[in-house]
């Protein structure tokens, strides 16, 4: 139970930042390039890179490189399920 509590606490800590939450909510809609994310989230390139790095380290997102572009998507697992629920509640029509 302790391990799951630690995992949940790390997830909630990552979600507690409004910018990271916005990034993750965008990714609920599907894979996005860094440029697409930056266009929809009010962050500079450096700040966005730092947030994406943290989300990668926490295992919440996965990156895919295609030539010069980097695309991000949500990693499968409990976080993806939780984010889909949050997206439906707060970002829906």
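In my numbering, the protein residues as written are 135 to 227.
Each residue gets a CB set at the ideal place from its N, CA and C atoms; glycine is no exception.
Per the coordinates, the alpha-carbon of residue 173 lies some 15 angstroms from the alpha-carbon of residue 185. For the options 179, 159, 189, the alpha carbon positioned closest to that of residue 218 is the one of 159. Shown here, residue 162 sits in a helix according to DSSP, grouped into three states. Residue pairing by DSSP places residue 197 opposite 206 in a beta bridge.
The secondary-structure analysis by DSSP pairs residue 167 across a beta bridge with 205.
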